[in-house]
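Engineer: In our numbering, the protein residues as written are -3 to 265. All C-beta atoms in this analysis are idealised placements derived from N, C-alpha and C, irrespective of residue type, glycine included. Keep in mind that this is a model prediction, so the values were computed, not measured. Below are the C-alpha cells for one structure; questions will follow.
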C-alpha cells in the first residue's frame, strides 16, 4: 500500500488504477491475505469498513536454494570487474562496497543512503557504493544526488541486472543497506541473509517484521543515523558475525511450505 503513503511516487494513471481496483477487490473479497502485520494494519486503516477477522497475515516464503547455486570463481571475478569492483590478486577479495538492491525511485530513499555514504567515505577512501537496480518512476532526483556527490565516481549504478550478477554482488558485499521508506514485505533483506551479508535497514513499515533482531535499524529520515550504523557495523567484525548468524536464524521463519499450508488452511476455514 505504498501508493497510499507516497502518492507522489506513482504515475497518475497507476495511482488511479491502484485506488480503484484495490478498493473494489478489498470490498468484493471474502478473505484477504496480508504479507505482513504492517500491511494488515494499513488495510484496516485505509479501508475501515473491512472487519479485522477478514484479514489474515501470512508471510511470504523464501527459497534459499536459489541463492546457494555454485558460480565459478572465474565468472565471479568477471562480474565484479564489470562493475568496477576488481578482485585483488593478493587477497582474493573484492573491492569493499556497500550494496543496495532494488529500483531507483524516491520511495526507496536512496538520497539518504548517498548522504550517509558520503560521510563514511571521507575517512574510508577504499569503500564504494553499489546501487543494483533499474531506473523507475522519478529516478532523476536520485541520479542528481549522485552526480553532486564528491565521490560520484565510487557510486556505481548497475541498471537492471541478471540473477547471477545479483547473487555475486550480494555474496561479495561488505554490507547491505535497505533504506526504503515503505515496504509491504522486504524480500531483499532475506536475500542478504542467505548471502551471509550483515544488514542495515530502515525502521518502518514491515521491515522490522522481516529483519527481526538480525538487523541494525536506523531512522529513515536521518542520514546521520544511517552513517553511524554503517560505521558501527563495518568497523566491528564481531557485530558483523553476530548479524550474519542471526540472519540465518531469521530465514527459518520464511518457508514456502509454511506459506502454502497457512494459505490453504485459511481458504478452507
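1. Using beta-carbon positions only, say whether residue 206 and residue 181 come within less than 8 angstroms of one another.
2. Please list the terminal residues of the continuous beta strand (DSSP E) segment that includes residue 76.
3. Based on the DSSP secondary-structure assignment, which residues constitute the bridge partners of residue 30?
4. By alpha-carbon positions, which one of -2, 186, 179 ends up nearest to residue 248?
5. Go through its chain and collect everything with a Cβ distance to residue 229's Cβ below 8 angstroms, but skip five positions before and after it.
6. Please list the terminal residues of the continuous beta strand (DSSP E) segment that includes residue 212.
7. Cα separation between residue 43 and residue 22?
8. Classify residue 124 as helix, strand or coil using the three-state DSSP reduction.
9. Would you say the beta carbon of residue 2 is closer than 7 angstroms to some non-hydrogen atom of the ligand ADP?
10. Hey, how far is the Cα of residue 48 from the Cα of residue 40?
11. Taking C-alpha atoms, which residue in 53, 184, 208 lies nearest to residue 257?
12. In chain order, what residues of the same chain lie with their CB nearer than 7 angstroms to the CB of residue 67, ignoring the 5 residues before and after it?
13. Which one of 102, 178, 121 has the shortest CA to CA distance from residue 134?
14. For the segment 142 to 152 and the segment 105 to 122, state whether three or more C-beta atom pairs, one from each stretch, are separated by less than 8 angstroms.
15. So, does the segment 112 to 126 touch the segment 93 to 100, judging by three or more C-beta pairs under 8 angstroms?
Structural biologist: The answer reads as follows:
1. Cβ atoms of residue 206 and residue 181: closer than 8 angstroms.
2. No beta strand (DSSP E) contains residue 76, which is instead part of the alpha helix (DSSP H) from 69 to 78.
3. In the DSSP assignment, residue 30 is bridged to 53.
4. Comparing Cα positions, the closest option is 186.
5. Listed in chain order, the non-local C-beta contacts of residue 229 below 8 angstroms within the same chain comprise 171, 194, 196, 212, 235, 236, 239, local neighbours out to five positions each way being set aside.
6. DSSP places residue 212 inside the beta strand (DSSP E), whose first and last residues are 212 to 214.
7. Cα to Cα, residue 43 sits roughly 8 angstroms from residue 22.
8. Note: residue 124 maps to strand in three-state DSSP.
9. Because no ligand of any kind appears in the structure shown, any question about the ligand ADP cannot be addressed here.
10. Rounded to the nearest angstrom, the two C-alpha atoms are 7 angstroms apart.
11. Ranking 53, 184, 208 by Cα distance to residue 257 puts 53 first.
12. Within the same chain, and ignoring the five residues on either side of residue 67 in sequence, the residues whose Cβ sits closer than 7 angstroms to its Cβ are 160, 163, 164.
13. Closest option to residue 134, Cα to Cα, is 102.
14. Result yes; three or more Cβ-Cβ pairs closer than 8 angstroms.
15. Output reads yes: the segment 93 to 100 touches the segment 112 to 126.
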